[in-house]
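Scroll down for the structure; my scribbles are underneath it.
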């Protein structure tokens, strides 16, 4: 399997009035060509920052303080502005969470889809226009030549998300990053968008990083899952493995608290407590205040991320690993 | 059970203060503004000479031991005159903004609350105000009302309330439809209670910023009026007057232009930095590293 | 036993120029004491409008609302005030529903101040009790809303809704804006409160999985009308209306057995409630239409005890 992305010891900090926030605290992961990786965690876990920082798409008061991200032989974190701009939209594309605010309200939708093509000088105007109309149709927007000329206002949330997907695919990216693309949508529209993404993933053979807090979506769409907590990776495994033997108490908690049809009559088992204050993380294992299995060592020492088997990693004192 | 993490809770105003503190320009501006206001208030006590006391023998002198900034055509102490200009400018600056707040605030609030044709009516007046050449309007008003300090700041206020009205109306509309107001309604609150307890406190920030920018703006307007001879009546000094005179004598007696211009610019910049800083500090998203 | 809340053919219309947006178009439901009615539908179906109309935050345009047996449909604000003590609301946006300038304590105290209940000391004591009840420590009484996470903010909103000891709370998509892991916490809290205090809920959501646990009865809403209604047990066990079945299938299932699924989607989107087609409103997205569906609007008919469906194909499933 060809390796597409190799992130190593990424650390990202934010400077706020309240203090320094260690949003991403030393994470490493790989993505192979054609694979879809799910990064799952609650708000504040650092899941979005861990991926958006690769394209330097974080707030001005955020700083990448360490790490490297090798994409097709180049370290993304060391590229200058021009080189980054060359990659954004062409080799790596992103779709964001809020379709209401991600599109420019005063530019026609079709033009926004063409934008990446023109910017990267892949086609001439006429060809690009044809391609944009095709894309709009492919993502399920009916009457696309007509709707090409509409403004975002004239689209519903689900439709706007489709437009964003069309924009993201315009230049045939090698890697698609989806940052909570369905969180703001009704469950019925979420199903439509996920169905579309599934089809496109297969059709384009794209690699995907899918960021979400919803395991029920991630486990159906992705090949592999990473669970993140307070800026760190706590578990990583292929979907089948993580569902059969989830090891980290947080992963187990997430799985058990996901609301599914069929929960009637069963007891709800939410994870107690809340994600930690970003400026004051707990000592030792960051999850220990909410963990029902917490031991004395969990308060003192952070557990290292160890390999349990070839493709299953976990960071927990309860689990004895084989090698680092 | 949620237990308090060991950070202190940072309230709205404390967070505002922290953000404000970090903006060096704003703090410097704020400190200078305070000094300037103090000077303005104390002008009658600290001015070395009355502003209209001539010393004909010592006319057109440059800075000296007796006259820190020199003297003008009538031998009047430039430093004292500048102090009084500062005082008048502050009276006009703050006075006019008070008028703006009352007129613009009430009209904007009524428009926002009542909606319907009252809103449309008030907003069309606002549009007209914006379309009007404000300066001309100011000149007309001052001619009609007279050239006293009070009438001048009244005039500037009367022509400058439109922006405040729009702002207040926008704030009221936004807050009126917010969910915490709905929650209060669901709890049985009267409209009056909602305005007093829920809407007004949330409007203070943007209004304060608007007023903070309005003060230097009004000062500039008055000096503009003074340059064309419509400012405060001489011998009462105004920066506009002083600068106007100074331009006439620029080649021969540069000090008559330099001191008024520099002090005026300094004052305006201080107020503007302060207002700028207030605006950024009220915005919780402007995290400054 | 008489129901705590009852609506009869309730309507709420919004005129848009010459046309009318029929957001709530003849809804009849009832909720007993201590019971939860889960109201499910997509964005734009009118469920939030229904919740607010029941609370008289919007003025009804037709039909009736009965609370504790009394007709409150046409009461004005002043007359509604005593009822407001018994009917409250929790909102979808946890932060938006809290006044950013007020401390948490003051926010929760607001309803008590509005109704002039107790002395300052007594009110503070009550606020502390409420904070305990929703799982937020008393030491936060002087903190501000923005210092909390979404789930905590929602708890504060719940505490405020409980301040006056209401009998009925409209929960308007209270967990839609929260992380999945926190959703379970809040639903758990609401259930606990219902058991302790016997409060009835109208629980509004767009996802059937969210209401499955907490509802005694379920109503599925589409374009201003109810298409399926009845005991939650019956509806989840035996969903009949094509829309209800599609909604259920839209909820992704975790592939515990290793069989990942294709996401099922209901085609198309909710049409605008302005230009309603002739006949059944679901016709544009239904996969099982017959000729009559384009002609006549179906009515709610009882298919089994406490289970009503509004669909022309119902006869096919009956019996």
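Protein chains in written order, with the numbering used here: chain H, 28 to 351; chain Y, 68 to 356; chain G, 6 to 324.
Where a beta carbon is used, it is the ideal one built from N, C-alpha and C, also for glycine.
Keep in mind the model is a prediction, meaning the values are calculated, not measured.
Three or more Cβ pairs closer than 8 Å define a contact, and the stretch 206-214 of chain Y falls short of that threshold against the stretch 266-273 of chain Y. Taken through DSSP and simplified to helix, strand or coil, residue 120 (chain H) comes out as strand. Counting C-beta atoms within 10 angstroms of its own C-beta, residue 298 (chain Y) has 16 or more neighbours from the protein chains shown and is therefore classed as buried.
Not a single CB atom of chain H sits nearer than 8 Å to the CB of residue 18 (chain G). Burial check for residue 264 (chain G): the Cβ neighbour count within 10 Å stays below 16, so the residue is exposed. Scanning H:317, H:213 and H:332 for the CA closest to the CA of residue 326 (chain H) turns up H:317. Contacts with chain H at 8 Å (Cβ-Cβ) do not include residue 250 (chain G). Of all residues in the stretch 246-271 of chain Y, only 246, 247, 248, 249, 250, 251, 252, 253, 254, 255, 256, 257, 258, 260, 264, 265, 268, 269 and 271 place a beta-carbon less than 9 Å from a beta-carbon of chain G. Nearest to residue 250 (chain G) by C-alpha distance, out of G:241, G:23 and G:102, is G:241. In the DSSP secondary-structure assignment, residue 75 (chain G) is bridged to G:72. By the rule that beta-carbons nearer than 8 Å mark a contact, residue 115 (chain G) touches chain Y.
When C-beta atoms of the stretch 97-114 of chain G are compared with those of the stretch 72-87 of chain G, fewer than three pairs fall below 8 Å, so the two segments do not count as touching. Residues of the stretch 285-300 of chain H that bring their beta carbon within less than 7 Å of a beta carbon in chain G comprise 285, 286, 287, 288, 290, 291, 295, 297 and 298, in sequence order. Between residue 7 (chain G) and residue 181 (chain G), the alpha-carbon positions lie close to 32 Å from each other. Residue-level contact by beta carbon holds for residue 243 (chain H) and chain G, with a gap shorter than 8 Å.
Within 9 Å of the CB of residue 104 (chain G), the CB atoms of chain Y belong to 245, 247, 248, 250, 251, 264, 265, 268 and 269, in sequence order along the chain. Shortest Cα-Cα distance from residue 332 (chain H) to any of H:269, H:275, H:174 and H:113 involves H:275. Annotation: the continuous alpha helix (DSSP H) that includes residue 224 (chain Y) extends over 216-227. For residue 281 (chain H), the chain G residues whose Cβ falls inside 8 Å of its Cβ are 185 and 186, in order along the chain.
Close to residue 155 (chain H), with beta-carbon spacing below 9 Å, lies no residue of chain G; the smallest spacing is near 28 Å.
Beta-bridge partners of residue 210 (chain G) (DSSP): G:45.
Distance check between residue 205 (chain Y) and each of Y:267, Y:163 and Y:133 places Y:163 closest, using alpha-carbon atoms only. Checking the DSSP bridge columns, you'll see residue 340 (chain H) partnered with H:263 and H:334. Looking from the CA of residue 280 (chain G), the closest CA among G:20, G:14, G:292 and G:197 belongs to G:20. For residue 54 (chain G), the enclosing alpha helix (DSSP H) begins and ends at 52-59. Residue range 10-21 is occupied by the beta strand (DSSP E) that includes residue 15 (chain G), with no alpha helix (DSSP H) assigned at that position. Our two residues, residue 197 (chain H) and residue 214 (chain H), have alpha carbons roughly 26 Å apart in a direct line. Under the criterion of beta carbons closer than 8 Å, residue 170 (chain Y) and residue 224 (chain Y) qualify as touching, at roughly 7 Å.
In this structure, the straight-line span from the alpha carbon of residue 296 (chain Y) to that of residue 310 (chain Y) is close to 12 Å.
Within 10 angstroms of the beta-carbon of residue 283 (chain Y) lie 16 or more other beta-carbons, which makes it buried. Between the stretch 167-179 of chain H and the stretch 105-117 of chain H there are fewer than three inter-stretch CB-CB distances shorter than 8 Å, so the stretches are not counted as touching. In this structure, DSSP gives residue 325 (chain H) a helical state, which the three-state scheme calls helix.
Between the stretch 112-126 of chain Y and the stretch 145-162 of chain Y there are three or more inter-stretch CB-CB distances shorter than 8 Å, so the stretches are counted as touching. Only 237, 238 and 241 from the stretch 228-243 of chain G bring a Cβ to less than 8 Å from some Cβ of chain H. The C-beta of residue 327 (chain Y) has 16 or more other C-beta atoms within 10 Å across all chains shown, which makes the residue buried. In this structure, residue 77 (chain H) places its C-beta atom within 8 Å of the C-beta atom of residue 51 (chain H).
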